[in-house]
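Each residue of the first sequence is one higher than the one before, starting from 3 at the first, in our numbering. Heads up, the beta-carbon is just placed ideally off N, CA and C, and yes, glycines get one too. Contents: one structure, followed by commentary.
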Amino acid sequence: MQWEEEMCIVHGDNRSAGDKPPKTVVELWCRARSGHSVTLLVQGLRPYLVVAQKGRPQPADQAQSALEFLASMDEVVEITPLGDLWTDKGEKPHWKVEVTQPYTVPRLRKRIQDLWDVTSADILFVHRLLLDCDLGPHILACGEILWAGERAPAETQNETTGDRTTAAGRIAEAGGSGLYPTDMVLSCNLEDLSKAEPFRTPFVTFSFDLETSIQTNRILCAAAVIDRAGERSEHSFRGEEGDIMEGLTKLVRSEDPDFITGYNIDNFDLPRMLERMDVLSGRSKMDGAELYGWGRVPILESEANRLLPKRQQNRVWRIPGRIPLDAWWQVRQTLRPERESLRYVSKLLWPEEEDMHKLDIDASQMDREWAERPDEVVEYCVRDTILPLDILDRLQSVARKEALASVSLTTVESASLDTTSRWIDSLVIRLADRTNVAVPTTISGPRRRDQIAGGYVHEVESGRQPWIVVLDFKSMYPSIMISNNICSTTLVRDDSTDDSHSVSPTTETRYLSKDERIGLVPHLLEQLMSSRDQHKAALAAARESGDEAEAFLQDQLQYAVKILMNSFYGVFASSFYRFTHPDLGASITEWARHNIRKIISDLETEGYDVVYSDTDSIFVRAPVDADAPINKPEESSSEFESWDRARSETIRFGERLAERFTKEGAELEFETALSAFFSHGAKKRYVGRVIWPREEMLIRGYEVRRTDSFALLSRTMTEMFEMILDGEEWAAVEMTKSVIDDVKEGRANPAELIISRSCKGTLKRDGSVDFSKVYDNPDGLPYVRAAKERIRRGLQFTPGMKVGYIVTDSKASPMDVEPWLVDEIGEDPPVYDPTYYARRLAKSLGRITEAFGWSEKELLSGSRQQSIFDF
DNA sequence: CAGGTATCCTAC
DNA sequence: TAAGGTAGGATACCTG
């Protein structure tokens with residue numbers, strides 16, 4: 003029975019489907035737009051690599067005997083000429099060498115690379131399918147139904163499609179491995195797949211959590227929640243450890259989720275499952291599959307390798323067919339919270355809902371808690387599986403991954419777990435293949451030592467400046483790449499010159515004109531720029547018509563395009579990427595420095611004051627009445643008119659500068675107007691009172707922005723900035739002195755003194771953490787000592803997480819610190835070292851007050867003057 | 001106690 | 001043996 007519908011590719015893999023003749027099947031695990039899961043078995047694609055004669059271009063017929071030898075090799079099935087392809091040594095004849103199976107490609111590449119230039123030889127087979135058929139994650143697929151389970155659409159279920167035994171046979175015949183745990187299995191050919199418009203897929207997510215014994219590492223209980231497009235069901239497991247693991251595994255296999263989440267699963271739950279599986283199953287791999295066979299493949303001896311979750315080195319976990327997405331990592335990336343415990347994060351996200359973060363179990367005493375009140379432990383465990391789902395919902399993590407997959411034309415798994423260079427690959431290789439450019443392999447080996455120069459940062463003077471306009475270049479690096487046609491394929495590598503070339507300002511790196519050859523990178527960036535404009539227009543139209551769902555989708559897509567565009571520069575300025583050259587990155591930043599410096603010097607020549615500039619931005623003093631008040635007066639007040647006039651003149655000045663300095667391909671935008679700007683004289687650290695296009699305070703670089711500052715410092719500094727920007731520096735100093743006095747007297751709230759820093763480490767197989775591999779002197783670092791103390795006390799620590807601590811004695815060397823455990827186990831706060839905190843406050847705040855003549859020493863001395871604070 | 005090194009985090 | 005970049009500020013520890 004044939005079936006056709008739209009679906010989204012979650013993940014893909016391939017397997018051999020016979021040797022004589024050699025056949026390979028691509029397995030695509032998908033979620034249909036209508037909700038059920040599908041395994042697509044795609045036939046008809048054969049693995050290949052591409053070769054050319056080494057060195058300078060030579061006539062194709064000189065390759066004849068070498069080609070004959072190549073054709074005689076075991077792995078090689080067929081060789082076909084591709085004609086001339088572009089390479090950095092010129093255009094030359096290439097041949098497509100089809101091979102038996104994907105796994106032979108790297109082997110063959112190594113064997114022949116002394117004889118041939120080998121290209122297109124490090125591309126994952128499933129990506130090959132998306133590239134060659136020009137598909138993205140959203141597809142329309144048509145195929146023969148080999149299996150239709152209970153959740154498959156009713157009209158697909160009948161006696162034939164629903165019979166397990168015969169289904170397994172049909173699947174094997176189509177090159178699949180057996181009865182996949184998906185709702186449907188379809189067989190199709192390459193031609194049966196086509197690109198579909200993006201839609202929001204109703205993915206299924208599985209969230210789980212383990213509670214384990216601190217003494218023995220044994221799993222005491224577990225919980226899981228399934229989210230099926232918003233519909234949730236809760237499950238809990240207790241009893242024998244093996245039964246718990248089997249229960250979880252059965253649930254994964256029957257509910258068949260696309261995403262697997264939880265809090266800290268990457269470094270805790272997933273490795274712990276593997277460790278306990280080893281303990282319980284001994285040597286039999288198939289016992290292991292019953293305990294932990296979460297891979298989306300049948301439970302068969304032949305699938306032993308794909309059934310279990312895996313992680314190479316210290317990288318992300320991979321589960322064939324599914325996507326492990328740690329809620330902790332998503333929180334870290336999108337929220338950047340000061341602390342990262344689940345309790346802290348849930349309070350941050352849902353401050354109103356008390357029972358969501360009720361603290362009732364002491365995780366550091368899990369064995370005792372489990373012995374005394376197992377029901378509460380299970381309840382606690384269930385709650386900790388619901389929160390990660392709520393977090394992913396709130397952060398829109400899944401929708402973002404899907405949008406990124408859609409704009410980079412890759413699988414959702416690749417968008418979720420792969421790195422920037424893979425997403426770029428997906429677009430670049432596709433275009434290279436279509437425009438006859440050979441695709442070199444990624445460069446391996448040691449990193450380049452000499453760095454390229456980066457952006458220009460202007461010196462900033464200490465003090466306050468009134469009425470400033472901030473302008474910046476729109477998408478500076480992408481614009482430079484587009485307007486100068488910067489690409490590996492347009493770089494002039496010999497010393498030829500031509501008037502049509504685009505020539506970089508100082509090193510005189512040359513690029514071909516667009517008329518001669520349009521570079522891959524400029525071509526793609528231009529496409530992305532216009533597609534972002536289209537998504538933005540569609541977003542506006544959807545909002546207009548009240549179509550919330552469409553507006554959401556278009557907003558996700560335009561944002562994903564932005565992210566993708568901004569990552570081009572980094573990848574092409576890197577030392578390893580396949581289409582890279584050191585001159586590329588260097589000339590992009592060279593143009594950038596040149597452009598911004600030119601504007602600065604033009605403005606200065608005309609007598610304007612450039613206060614600051616960083617890479618693509620410029621801060622200029624507006625020529626307005628210097629006596630106008632900088633803090634906004636009441637509208638009824640007599641000074642209001644003066645302020646308001648300064649404001650409109652500043653805005654007009656900003657608009658005028660933007661217009662004047664905007665050129666074709668380099669758009670300077672008027673970003674904000676400030677009534678006051680302050681810096682203590684350090685680059686990348688400044689504050690501004692924004693008065694246009696909205697009213698707010700802008701802070702960059704200062705401790706206020708840093709997650710490793712402490713709350714009291716951030717709060718005091720923010721208040722200080724408010725006062726300084728209002729012109730009340732004396733009050734700021736007095737306020738600061740009173741804060742420091744309180745700290746010295748021991749009156750500060752210790753919760754405001756927590757310092758939190760990320761701490762690395764390597765996870766050992768038995769679950770313990772090794773710090774000495776990543777740190778020269780681990781015990782010399784306060785946060786490592788705090789992490790060690792956490793571990794000693796039976797609390798979770800996973801490599802990379804932030805550790806909160808209080809300094810208790812700074813006179814000791816190294817200083818004494820204690821971890822902050824109040825959130826997690828309700829422990830009394832440590833007693834802080836008043837001298838240390840007073841000194842840190844005075845130092846950080848003193849740097850700022852120094853601009854007005856008050857030093858750190860004066861803040862610390864406590865010699866407060868009579869002030870408005872003394873009532 | 002000055003200066004160098006290791007480390008973190010941020011701006012762009 | 002996997003991989004977006006550079007510029008810059010700040011802190012703690014260690015050494016001489």
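Tell me whether G20 sits in a helix, a strand or coil according to DSSP, three-state version. strand
By the three-class DSSP mapping on this structure, what secondary structure does S869 have? Reliability fails at S869, whose pLDDT of 45 lies under 50, so the model's placement of it is uncertain and the value that follows must be treated cautiously. Coil.
Let's see if you can read the secondary structure: which residues bound the alpha helix (DSSP H) around Y346? L344 to L351
How many Å lie between M368 and S774 at the Cα? M368 and S774 have their C-alpha atoms spaced approximately 28 Å apart.
Count Cβ pairs between the segment 429-443 and the segment 602-610 that sit closer than 8 Å; are there 3 or more? no
With burial defined as no fewer than 16 other Cβ atoms inside 10 Å of the residue's Cβ, what is the status of K94: buried or exposed? buried
Nearest to G806 (by Cα), restricted to the options P752, Y777, G848 and A840: P752
Closest Cα partner of L117 within the set E146, V53, I125 and T41: V53
For the alpha helix (DSSP H) containing H237, list its first residue and its last residue. Here H237 belongs to no alpha helix (DSSP H); instead the beta strand (DSSP E) covers E233 to R240.
Looking only at C-alpha atoms, which of I363, G667, T214 and V400 sits nearest to L527? G667
From F71, A675, A660 and L676, residue whose alpha carbon lies closest to that of E669: A660
May I ask which residues mark the beginning and end of the beta strand (DSSP E) holding R702? Run containing R702: E698 to R702, per the beta strand (DSSP E) assignment.
Along the chain, where does the alpha helix (DSSP H) containing R466 start, and where does it finish? For R466, no alpha helix (DSSP H) encloses it; the enclosing beta strand (DSSP E) starts and ends at G465 to F475.
Below 8 Å on the Cβ atoms is my guess for V27 versus G178; work out the distance and round it to an integer in Å. 7 Å
Here's the rule: buried if 16 or more other CB atoms are within 10 angstroms of the residue's CB, otherwise exposed. What is K252? exposed
Classify Q560: buried if its beta carbon has 16 or more other beta carbons within 10 angstroms, exposed otherwise. buried
Under the assumption that V462 contacts Y688 (Cβ atoms under 8 Å), give the Cβ distance between them as a whole number of angstroms. 7 Å
Can you tell me whether S869 is buried or exposed? The criterion is at least 16 other CB atoms within 10 Å of its CB, across all chains shown. Bear in mind that the predicted position of S869 carries a pLDDT of just 45, short of 50, making it too unreliable to give a figure here.
Please state if the CB of I590 and the CB of Y610 are separated by a distance shorter than 8 Å. No, they are not a contact pair.
Do M275 and I141 have their beta-carbon atoms positioned less than 8 Å apart in this structure? no
Contacts around R767, its chain only, beta-carbon distance under 6 Å, and the 5 residues preceding and following it disregarded: none
For E305, count neighbouring Cβ atoms within 10 angstroms of its own Cβ and tell me buried if that reaches 16, exposed if not. Buried.
Hey, which unbroken runs of the beta strand (DSSP E) at 3 residues or more fall wholly within the segment 764-834? Assignment of beta strand (DSSP E) within the segment 764-834, counting only whole runs of 3 or more residues, yields 804-811 and 818-821 in chain order.
So S533 and V563 are supposed to be a Cβ contact under 8 Å. How far apart are they, rounded? 6 Å
Between which two residues does the beta strand (DSSP E) containing H129 stretch? Per DSSP, H129 belongs to no beta strand (DSSP E); it is in the alpha helix (DSSP H), F127 to D134.
Between P507 and A543, what straight-line distance do the alpha-carbon atoms span, to the nearest angstrom? 43 Å
When the Cα atoms are used, what is the spatial distance from S343 to W694? If you take the alpha carbons of S343 and W694, they lie about 37 Å apart.
Run through the segment 390-435 for me and flag every whole beta strand (DSSP E) of 3 or more residues, listed as ranges in chain order. none
Report the residue ranges of all alpha helix (DSSP H) runs contained in full by the segment 731-759; include only those spanning at least 4 residues, in chain order. 731-746
Looking at C-alpha atoms only, which residue of P183, Y704 and L676 is the closest neighbour of S692? According to the sequence displayed, residue 692 carries Val and not Ser. Of the candidates P183, Y704 and L676, the one whose C-alpha sits nearest the C-alpha of V692 is L676.
Determine the contact status of T800 and F270, defining contact as a CB-CB distance below 8 Å. yes
For E85: DSSP bridge partner residues: Inspection of the sequence shows that residue 85 is occupied by Gly rather than by Glu. The partner list for G85 (beta bridge, DSSP) reads H96.
Do D377 and D328 have their CB atoms nearer than 8 Å? no
Simplified DSSP state of F554, which is helix, strand or coil: helix
Can you give, in chain order, each stretch of the alpha helix (DSSP H) that sits fully within the segment 9-56 and has at least 4 residues? Within the segment 9-56, no alpha helix (DSSP H) run of at least 4 residues lies entirely inside it.
In whole angstroms, what separates the C-alpha of V741 from that of E340? 22 Å
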